[in-house]
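Notes follow once the structure below has been shown.
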Ligand SMILES: [Zn+2]
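In this note's numbering, the protein residues as written are 202 to 262.
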């Protein structure tokens with residue numbers, strides 16, 4: 202079997218020592234990941250807020 206990897210952004214075949222096929226793909230992937238991480242943080246923040254409100258309601262009833 203031929204040894205090769207796939208660009209983790211666009212999926213095309215690349216040499217095994219590479220992660221991305223091009224600098225542009227790397228930038229694109231980093232941007233996407235940053236956005237995804239922000240969404241995850243927002244979700245986590247909302248969950249904490251909901252739990253905090255729930256706990257507050259339980260305590261001060
Ligand atoms: Zn690519």
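We put the beta carbon where it would ideally sit given N, CA and C, even for glycine.
Note that the structure is a prediction, hence the values are computed from the model and not measured.
Where residue i falls: helix, strand or coil (DSSP)
i: residue 254; result: helix
i: residue 204; result: coil
i: residue 249; result: helix
i: residue 260; result: helix
Alpha-carbon to alpha-carbon, residue j and residue i
i: residue 204; j: residue 218; result: 10 Å
i: residue 239; j: residue 233; result: 10 Å
i: residue 236; j: residue 208; result: 19 Å
i: residue 211; j: residue 221; result: 8 Å
Bridge-paired residues (DSSP) for residue i
i: residue 223; result: Note: residue 223 sits in no beta bridge, so no partner.
i: residue 215; result: 206
Q | At least three beta-carbon pairs within less than 8 Å, the stretch 213-228 to the stretch 238-254 | A | no
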